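Going by the working numbering, the sequence shown opens with residue 1, and the numbers climb by one from there.
Every residue gets a Cβ at the ideal spot worked out from N, C-alpha and C, and that includes glycine.
Here the structure is a predicted model, which is why all the values come from computation and not from measurement.
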Amino acid sequence: MSRVLIVEDEAHLARGLQFNLEAEGHSVRVAGDGETALDWLLKGKEDFDAVVLDVMLPGMDGFRVASELRAARNYIPLLMLTARGRPEDVLKGFASGADDYLPKPFELAILLARLQGLLRRSGWMRASREAASAGVPPSPEGAADEVVTFSGRTIDFSTLELRVNGNTIRLTLMEAELLRHLIRNSGKVVSRKSILEQVWGLKEDTDTRAIDNFIVRLRRYIEDDPARPRHLVTVRGVGYRFLAEPDSVRS
1 MSRVLIVEDE
11 AHLARGLQFN
21 LEAEGHSVRV
31 AGDGETALDW
41 LLKGKEDFDA
51 VVLDVMLPGM
61 DGFRVASELR
71 AARNYIPLLM
81 LTARGRPEDV
91 LKGFASGADD
101 YLPKPFELAI
111 LLARLQGLLR
121 RSGWMRASRE
131 AASAGVPPSP
141 EGAADEVVTF
151 SGRTIDFSTL
161 ELRVNGNTIR
171 LTLMEAELLR
181 HLIRNSGKVV
191 SRKSILEQVW
201 GLKEDTDTRA
211 IDNFIVRLRR
221 YIEDDPARPR
231 HLVTVRGVGY
241 RFLAEPDSVR
251 S
């Protein structure tokens, strides 16, 4: 049985979500504001497996809740509920550390499926980390796609971990998905439009500058000098290109 925290100030919606999630076998608690949610999550007063987080909350909004959780190295799966028709909220949510989003109003079946997907993925990552700690090698099937090594850096997409210079950096799901997309297209120019559609599932006319902010963050993780990137390079006016071995690429 999974424990789910719903952070929602609209009492009727929170009650409906709680009733339906409990009918699916989950244990559910409800917080009506972000401050209460952070208190439960960060001070160890409650143990949860996932959070359903509304953006529009009294006081501290959902973006700040997500940001503070990630800043505190709390990587609990976050499903963010955003205002309908506002793709900028979706991108801002991902930038804050959300793992998935659902626009309001939503169909209950879709929310349940998205939440179950996050819980399942979290279980896989936990099992992968435990296996790695026990010295169990990864399964050969799909291993080449899940673990990528370049220039002394190793990215394990199964655990959302980047290892560089003896340090381990935890990636958010969306950081990892963006990096995976660029690596799969290694050496090719990837347009911002492609990233919006294939990584975030956004087809609206959206301000693509949010992508630039993600790239800046990824450069801090993988570049020796983020101000002079060699692996994640900008192709002016188009998008980005990932280079595993930049010294081998001719201008």
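Please say whether residue j and residue i have beta carbons closer to each other than 8 angstroms?
i, j, result
"Ile222", "Leu162", "yes"
"Leu115", "Gly97", "no"
"Leu118", "Glu175", "no"
"Ala31", "Val55", "no"
"Leu53", "Ala72", "no"
"Glu24", "Leu112", "yes"
"Gly187", "Arg241", "yes"
"Pro103", "Thr82", "yes"
"Leu17", "Phe48", "no"
Roughly how many angstroms lie between the CA atoms of residue i and residue j, to the nearest whole one?
i, j, result
"Glu10", "Phe214", "31 angstroms"
"His12", "Arg64", "24 angstroms"
"Ser67", "Asp247", "36 angstroms"
"Gly59", "Asp33", "7 angstroms"
"Tyr101", "Thr36", "21 angstroms"
"Leu182", "Arg170", "18 angstroms"
"Arg120", "Leu78", "13 angstroms"
"Phe19", "Val51", "16 angstroms"
"Arg3", "Glu46", "9 angstroms"
"Leu232", "Pro226", "9 angstroms"
"Leu91", "Ile155", "23 angstroms"
"Ala109", "Gly44", "31 angstroms"
"Lys193", "Glu107", "27 angstroms"
With distance defined between alpha-carbon atoms, name the residue in the options nearest to residue i.
i, options, result
"Gln198", "Ile183, Leu178, Asp212, Arg217", "Leu178"
"Gly239", "Val147, Pro87, Asp224, Ser191", "Ser191"
"Arg86", "Leu202, Glu8, Asp212", "Leu202"
"Leu243", "Asn165, Thr149, Thr159, Ser194", "Thr149"
"Trp40", "Asn20, Asn74, Leu17", "Asn74"
"Thr159", "Thr168, Trp200, Ser27", "Thr168"
"Leu196", "Asn165, Gly62, Arg209", "Arg209"
"Asp89", "Ile110, Gly62, Ser151, Leu108", "Gly62"
"Glu245", "Asp47, Gly16, Asp156, Gly152", "Gly152"
"Thr234", "Asp212, Ser27, Ala14", "Asp212"
"Arg99", "Met1, Ala109, Met80, Arg220", "Here the sequence assigns Asp to residue 99, which means Arg is not the residue at that position. Selected option, being the one with the closest Cα: Met80."
"Val147", "Arg184, Thr172, Ser122, Ala109", "Arg184"
"Ser122", "Ser194, Val164, Gly237, Leu173", "Leu173"
"Met1", "Ser27, Ser194, Arg180", "Ser27"
"Val189", "Leu57, Leu38, Gly237, Glu107", "Gly237"
Using the three-state DSSP reduction, which class does residue i fall into: helix, strand or coil?
i, result
"Met174", "helix"
"Pro226", "coil"
"Leu102", "strand"
"Ser194", "helix"
"Arg236", "coil"
"Pro246", "helix"
"Ser122", "helix"
"Phe274", "Residue coverage of the chain in this structure runs from 1 to 251, which leaves residue 274 outside it and unanswerable."
"Ser186", "coil"
"Asn20", "helix"
"Arg3", "strand"
"Ser96", "helix"
"Arg163", "strand"
"Val216", "helix"
"Val28", "strand"
"Pro138", "Model confidence at Pro138 stands at a pLDDT of 48, short of 50, so the residue's coordinates are unreliable; what they give is reported in the following sentence. Here Pro138 sits in coil by DSSP."
"Asp156", "strand"
"Arg114", "helix"
"Ala11", "helix"
"Leu179", "helix"
"Leu202", "coil"
"Arg209", "helix"
Start-end ranges of the beta strand (DSSP E) lying completely within the stretch 30-77, minimum 3 residues: 50-54
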